[in-house]
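The next block holds one structure in the form of C-alpha cells; read it before the comments.
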Amino acid sequence: MQIKEDKIEEMEFDILTEIGNIGAGNATTALAKLINGRVDMYVPKVELLAFKDLAEILGGAEELVAGILLSLEGDIEGSMLFVLENNAAHHLVHRLMGSDGSNVTDEFTEMELSALLEIGNIIAGAYLTAISQLTNLSIIPTVPSLAVDMAGAILSVPAIEFGKLGDKALLIESQFRDEEMDVCGYFILIPTMESYAHILNSLGM
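Structure follows, in C-alpha cells:
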C-alpha cells in the first residue's frame, strides 16, 4: 500500500520536531553549564522553510543579529547557522563574563566577540549532537566563524553556496529563560539535497 504524500509530510514534520526538541534540550543543558545558572526551555518551534524566507523570520533583512556559521562535512554536508537577536547575544555574553551589562551598546569588544563565539559554538554543537544521535550519521563541523551584522548580510554567506545546497532549510526557533530574561535563538540547518535525503532515510522515511 502506498503512503499518501500528506502522510509522508506529517511523518517528516514529526521527525524534524523531535530533532528540535532534543536539540533544544541539549542546548538548554549546555547553556546552563556555560553561565553556571538555571536555564528553562520553552517548546521550540520547528519549520521547514525555503531559504529565501529566512530573513523575514529573523525580524527582517535589516535586523541586527549575531550569527555563528559552520560548514558541515561527513555523512551530512551543507551549512549550519546559529543566530541570536542582538540583545540576547549581549545578555549571554555578560552572563558568561560575569558583568552586569550596564554599558550595553551595539558594539562588542574583542573579548566579548570571543565569548560570543564560544557560546554559539557550544549551543550549535548541542543541536548537531541531537541530529547525529537520532540519525546515527557522522557530522563534522568546520571551525566556526562569527559575524554581528544585519540578518540579510549574514544570510548572504551561506547563500553564496546555495547553488550546491538544497532549497530547504530546517529552522528551530528556541526560547530560553534564565533568571533575568528570555533569550531567543535560531538554529538553521541547510543541508545539501543528498544529505537531507540521508537524514530522512536514516530515520526510516
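Just so we're aligned, residue 103 is where the sequence shown starts under our numbering, counting upward by one.
Just so you know, even glycine gets a beta-carbon here, dropped at the ideal spot from N, CA and C.
DSSP, reduced to helix, strand and coil, places Arg-279 within a strand of the structure shown.
Contact annotation: Val-285 and Leu-194 have beta-carbon atoms nearer than 8 angstroms. Annotation for Ile-292: the continuous beta strand (DSSP E) segment containing it runs 284-293. Annotated three-state conformation of Gly-162 is coil, per DSSP.
Taking C-beta separations shorter than 6 angstroms and ignoring five residues to either side along the sequence, the partners of Ser-234 in its chain run Ile-241, following chain order.
Contact annotation, Ile-274 with Val-167: C-beta distance approximately 16 angstroms; criterion of less than 8 angstroms not satisfied. Annotation note: the stretch 226-263 contains the following uninterrupted beta strand (DSSP E) runs of length 3 or greater, listed N- to C-terminal: 241-243, 247-252.
Look at Ser-201 here: in three-state DSSP terms it is coil, with no helix or strand label. As computed with DSSP, Met-113 is found in no beta bridge at all. Cβ-Cβ distances below 7 angstroms link Ile-121 to Ala-232, Ile-233, Leu-236 in the same chain, with the five nearest sequence neighbours on each side left out; the list follows chain order. Our two residues, Leu-118 and Leu-272, have alpha carbons roughly 8 angstroms apart in a direct line.
Rounded to the nearest whole angstrom, the CA to CA distance from Tyr-298 to Glu-158 is 23 angstroms. In the DSSP assignment, Val-185 forms a beta bridge with Gly-169, Tyr-288. Nearest to Ala-132 by C-alpha distance, out of Leu-183, Arg-279, Gly-227, Leu-291, is Gly-227. Between Pro-243 and Leu-230, the C-beta spacing is below 8 angstroms. Around the CB of Arg-140, fewer than 16 other CB atoms lie within 10 Å, so the residue is classed as exposed. Residue pairing by DSSP places Ala-152 opposite Lys-270 in a beta bridge.
Looking at the backbone, the Cα of Lys-135 and that of Ile-301 are separated by about 29 angstroms.
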